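Undergrad:
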Amino acid sequence: VFVTEDKLVAVRDPFGFRPLVMGRRSNGAVVFASETCALDLIEATYEREVYPGEVLVVDKDGVKSQCLMTRPESSKQCIFEHIYFSLPNSIVFGRSVYESRHVFGEILATESPVECDVVIAVPDS
């Protein structure tokens, strides 16, 4: 994401490796973030995910979308977004981070069972 004197430009990598979402504030301002929870902090409404390889140009006339390259048949999403990078209250790659981590825990418990009373997260590790 970068800003010129009269434009805001957002570009997502062609494989969609890292997330990028677009939102809008109540005053009409268009905003971009890597996580949906960032939109909540500034009271913006989620509009959509920026497509892999898409360039969005925001100016006084609105939002214009350009795809400068052909979209790959499959995306190459960074697995660490759901495991480590993103906050649990975000939606990343169209899926709840909290739900992903819950499923990961279920799989881990099935594949590597241990006797325990409590399982906790290790925040900011």
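Residue numbering for the sequence shown follows the UniProt record's numbering, beginning at 1 and increasing consecutively.
The beta-carbon is built from N, C-alpha and C at its ideal position, and this holds for glycine as well.
Owing to the predicted nature of the structure, the values given are computational and were not obtained by experimental measurement.
Extract the residue ranges of the beta strand (DSSP E) inside the segment 19 to 65, only unbroken runs of 3 or more that lie entirely within it.
TA: DSSP runs (the beta strand (DSSP E)) wholly in the segment 19 to 65: 21 to 25, 30 to 33, 44 to 49, 54 to 59.
Undergrad: Counting Cβ pairs, one atom from each stretch, are 3 or more of them under 8 Å apart for the segment 69 to 80 and the segment 3 to 21?
TA: yes
Undergrad: Between the Cα of G23 and the Cα atoms of E43, P88, P113, which residue gives the shortest distance?
TA: It is E43 whose Cα lies nearest to the Cα of G23.
Undergrad: So F67 packs on G53, CB below 8 Å; how close in whole Å?
TA: The displayed chain sequence assigns Cys, not Phe, to residue 67. With 8 Å as the limit, C67 and G53 qualify as a contact, their Cβ atoms being about 6 Å apart.
Undergrad: Would you grab the beta carbon distance between A109 and V50 for me? Rounded to a whole angstrom, and I think it's under 8 Å.
TA: 35 Å between Cβ atoms; not a contact.
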